Structures are given as structure tokens and as C-alpha cells.
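As C-alpha cells, the structure follows; a few thoughts come after it.
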Amino acid sequence: MSKSTISTFELFALIPDEESARVYLEALLWPDGPVCPSCITSQRITTRKRVGFYRCNQCKLDFTVRTATIFERSHVPLHKWVYAMYLVVTARKGISLMQMSKEIGVTQKTAWFMLGRLREACQGRNGKDNRLAGIIEVDETFVGGKEKNKHAHKKLNAGRGSVGKVAVLGLRERGGETRAMVIDATDIRTLHGAVHAHVKPGAWVYTDEAPGL
10 MSKSTISTFE
20 LFALIPDEES
30 ARVYLEALLW
40 PDGPVCPSCI
50 TSQRITTRKR
60 VGFYRCNQCK
70 LDFTVRTATI
80 FERSHVPLHK
90 WVYAMYLVVT
100 ARKGISLMQM
110 SKEIGVTQKT
120 AWFMLGRLRE
130 ACQGRNGKDN
140 RLAGIIEVDE
150 TFVGGKEKNK
160 HAHKKLNAGR
170 GSVGKVAVLG
180 LRERGGETRA
190 MVIDATDIRT
200 LHGAVHAHVK
210 PGAWVYTDEA
220 PGL
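The sequence shown begins at 10 in the numbering used here and counts up one residue at a time.
What follows is the structure, encoded as C-alpha cells:
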């Protein structure tokens, strides 16, 4: 650990909770104020009722400091993400999955997810915009077993269709990368927000006739 690196005690004092981590990350990501991750502009940005939520009035995207970052679609508190980054950067011989899990107080499954994203970020993309471009095919689906095939104690008895299933959005760049992500809902705002966060302006987006897309 270099002499310029702060101690763990100093880190906890600087960023003790989710809110302080949000303020810290916003200052790093947006030193001159919030920037829309879709339009890459700081113009016409307004705040929402919830602290830390913003609206781009140009593309109508609602976003936070998590949007289009390694924190996106994660329920892990931001201060735990900051501590995880600190551990990855300061560990001389790297950090194991079990150690990460123990240090920040998450399950090993969550630690595996976090380490994967952190390692991908450390590989670097040279600061380039890594959103999909060209012709993009987008579709959503629901993943999960059929109610009739489940054991009696696992049945939700709440109807058919998407009950008990997880919504997943897939984006495929023709001739390039394919991405899939869990989404909270399949309404227009959620789907459009995800597309704006992962697709560059000017791309051609092809979807089916689903009303949300």
C-alpha cells in the first residue's frame, strides 16, 4: 500500500453510509454536476423527488449515479461498493471471494458478482463509450419454471403468465456484443431507460411488437 493511500479507518470516517458514498461518487463522476449517461450532456437535467435521482429532459431518461456503471442493477449499498474497490486496489496479492464476502458483510454469491464487475472495470476500456452501436436487436422475456411443474410448497397460486418469474432484457449488437440483464419491470419507462443506458444515440433499434418497446 502506497503512502498516499488512506487507511481503512479514514475510509470508514469519510464514507460511513450509503448517502455519503452517493455524494462521494457523484463528485468523482460528475465534478461539474449530473450528466445524462445517454445523451452525455449536463444540459436540461432536473432533480426528482427522491434524493440522488435525476431526469434528463432531453431524452426523458431517469438516472442515478448507478446508471450505466458497475453499480447498475445492484442492490448492494454504495458504501460497500466503495469499500470493495478499496480492497481490490490495496490488496497486494489480490483478494479472494471468501475474504471479500467476510470483509464487506455480503454473501459469497454477491461477492462473486461484485468481484466480477470490479475486475472487468479494472481491465479498462480506455475511457471509451462502451455502449452498443449500429443495429441493435432488443427483446424481453421472463425466466422461471411453470407453476404447474413446481412442488406444491413452492407454488405461488397467484395466477399464470409471468407470476413468480424474473424479467430479463436482452440486447444484441449485430456482428458484435450481446448483453442480458435482469430488470425490475417491463413498463415503458424501465425498458426505455435500460435501452438508453446501453445503446449509443443514433443506433438502429429493432424490437418485436411488445407495447413496452
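From the three backbone atoms N, C-alpha and C, an ideal C-beta is built for every residue, glycine too.
None of the values given here were measured: they were computed from a predicted structure.
Inter-residue CB distance, residue i and residue j (contact presumed, cutoff 8 Å)
| i | j | result |
| --- | --- | --- |
| I54 | C45 | 6 Å |
| T50 | Y63 | At roughly 12 Å, the Cβ-Cβ gap does not stay under 8 Å, so T50 and Y63 are not in contact. |
| A176 | A194 | 7 Å |
| L34 | G202 | Incorrect: roughly 19 Å between the Cβ atoms, too far for contact. |
| V147 | V204 | 6 Å |
Reduced DSSP secondary structure (H/G/I, E/B, other) of residue i
| i | result |
| --- | --- |
| G202 | helix |
| R101 | coil |
| I145 | strand |
| G184 | coil |
| I113 | helix |
| A64 | Residue 64 is actually Arg in this sequence, not Ala. Correct three-state label for R64: strand. |
| I24 | coil |
| A212 | coil |
| K12 | In this predicted model, K12 has a pLDDT of only 45, less than 50, meaning its place in the structure is not dependable; the value taken from the coordinates is given anyway. DSSP places K12 in coil when its eight states are reduced to three. |
| V177 | strand |
| F72 | strand |
| V91 | helix |
| A189 | strand |
| I197 | helix |
Minimum C-alpha distance to residue i - residue among the options
| i | options | result |
| --- | --- | --- |
| G42 | L20, F21, P25, C65 | C65 |
| L20 | E35, Y92, I197 | Y92 |
| V85 | K102, E146, L124, Q108 | L124 |
| F18 | L96, L34, L38, V60 | L96 |
| C131 | D26, G103, G202, I15 | G103 |
| L90 | D71, V115, M107 | Looking at the sequence shown, residue 90 is not Leu but Trp. The shortest Cα separation from W90 among D71, V115, M107 belongs to V115. |
| G184 | V98, G143, Q108, M107 | G143 |
| P210 | K174, N139, T199 | N139 |
Residue j beta carbon less than 8 Å from that of residue i
| i | j | result |
| --- | --- | --- |
| S29 | H88 | yes |
| T76 | A212 | no |
| I192 | L180 | no |
| L141 | E182 | yes |
| L37 | I79 | no |
| I145 | V214 | yes |
Inter-residue spacing [alpha-carbon to alpha-carbon] between residue i and residue j
| i | j | result |
| --- | --- | --- |
| R169 | I197 | Model confidence at R169 stands at a pLDDT of 49, short of 50, so the residue's coordinates are unreliable; what they give is reported in the following sentence. If you take the alpha carbons of R169 and I197, they lie about 22 Å apart. |
| T150 | R101 | 42 Å |
| E129 | E27 | 23 Å |
| T216 | T187 | 15 Å |
| T119 | S83 | 9 Å |
| T56 | V32 | 14 Å |
| S110 | M94 | 13 Å |
| S16 | P40 | 24 Å |
| Q52 | I24 | 29 Å |
| V253 | L106 | Past the boundaries of the shown model lies residue 253; the chain is included only from 10 to 222, so the question cannot be answered. |
| Q108 | W121 | 11 Å |
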